[in-house]
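Chemist: First residue of the sequence shown: 261, per my numbering; consecutive thereafter. Below you will find the structure I want to go over with you.
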Amino acid sequence: MSQTLQDIHQILREQLRAVTVSPAQATAEADLILEAVLHTLPATVVTDGHRPIPESQCQLLWNFLEQRIQKRIPIQYLLHKAFFYGLPFYVNPHVLIPRPETELLVEKALAFIKPGMSVLDVGTGPGTIAIALSHKLGDSVRITAVDVSEPALKVAKINQKTLNTSVNFRPAGDLFAPVDGERFDLIVSNPPYIDEALKPTLEPEVLWHEPSGALFPPGEDVYYFYKRLAQEGKPFLNAGGRMLMETGAGMTPGVCQFFLAAGYKNVTAMRDYADLDRMVSADF
Ligand SMILES: C[S@@+](CC[C@H](N)C(=O)[O-])C[C@H]1O[C@@H](n2cnc3c(N)ncnc32)[C@H](O)[C@@H]1O
């Protein structure tokens, strides 16, 4: 006897509990898998739950589930989709999956930006921050984005096309090299900041599948990119310009010190939605 949509939804939810943080997340992922494979909306499980599902489609669902549970591939990479700032971004394992807390960095950037300003996103990945800003602001602001990873920039350009934005993505290069000689009113960055020593504590989804170059700074120094942003960023900022960065929890006092020592003004640590110190703003 073939399994019904309801049966399958229940099996998916139960199995996904092993790799998700809450029953709500397991249900959300089950809904996404059904939507991807069977093209059903979540409500269909209630309105048409007794519908039998053909064996061929069940097989596709079990393959999907196996990749998620055995290989711990993040659902976003399996679906090639992650939402950020209400926008659907294409993602693959060359890019960090956008995190909800980074949306606050976009909010802080929007509060500073005025029409006619120029903005640089350093370490853009799939274009997360730059594209969210461009989508919101249109052509009133000139937005440029850089990354050291060529494959990540390819993903960013796919997102640019799909989301119809006008970010100027530069050829791959280290930090400010792709914008040598230019100046911006706002530099925004969410650089790699995870301590290599924390590797044993990371979920397999992160450690096995997300690009290490997007997670860990080189060497043993978690402040590597903040030191460089503070020291090397000044020639790229207009007078009155601002640097706005995401940091790891607990890192803001150290990051503030580097910016104060480099002569920035109004150096401020800010809290995220979870009330953790997760952002630093510094004016030039
Ligand atoms: C934490 S991810 C941030 C991605 C995206 N901006 C976001 O907020 O979701 C850091 C990004 O910095 C890039 N990156 C690492 N080293 C870099 C460097 N030396 N110069 C420029 N970008 C770099 C990585 O390729 C990665 O895309």
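Cβ atoms here follow ideal geometry from the backbone N, Cα and C, with glycine treated the same way. All values reported here derive from a predicted model rather than from experimental measurement.
1. If you draw a straight line from the alpha carbon of Ser498 to that of Ile357, how long is it in whole angstroms?
2. Report whether the distance from the Cβ of Ser541 to the nearest heavy atom of ligand 1 is below 7 Å.
3. Check Gly398 in the structure and name its three-state DSSP category.
4. Where Val305 and Gln266 are concerned, what is the direct C-alpha to C-alpha distance, given to the nearest angstrom?
5. Could you pull out every residue in the same chain whose Cβ sits closer than 6 Å to the Cβ of Pro353, ignoring the five residues on either side in sequence?
6. Hey, how far is the Cα of Ile447 from the Cα of Lys421?
7. Using the three-state DSSP reduction, which class does Ala499 fall into: helix, strand or coil?
8. Would DSSP call Ala286 helix, strand or coil?
9. From which residue to which residue does the beta strand (DSSP E) around Pro348 run?
10. For Arg443, I'd like the list of residues in its chain whose CB is within less than 7 Å of its CB, leaving aside the five on either flank, ordered along the chain.
11. Just curious, the alpha helix (DSSP H) that Ser316 is in, first and last residue?
12. How far does the alpha helix (DSSP H) with Leu272 in it extend, from its first residue to its last?
13. For Ala369, is the beta carbon positioned less than 7 Å from some heavy atom of ligand 1?
14. What first and last residue would you give for the alpha helix (DSSP H) that runs through Ala525?
15. From Asp543 to Ala490, what does the alpha carbon distance come to, in whole angstroms?
Modeler: Taking the geometry as given:
1. According to the sequence as given, residue 498 is Asn; it is not Ser. Approximately 31 Å between the Cα atoms of the pair.
2. no
3. helix
4. 6 Å
5. Tyr337 and His469
6. 23 Å
7. strand
8. helix
9. Leu347 to Phe349
10. Phe496, Leu497 and Asn498
11. Glu315 to Ile329
12. Leu265 to Leu276
13. no
14. Here residue 525 turns out to be Lys, not Ala, going by the sequence shown. Element bounds for Lys525: not the alpha helix (DSSP H) but the beta strand (DSSP E), Lys525 to Arg531.
15. 11 Å
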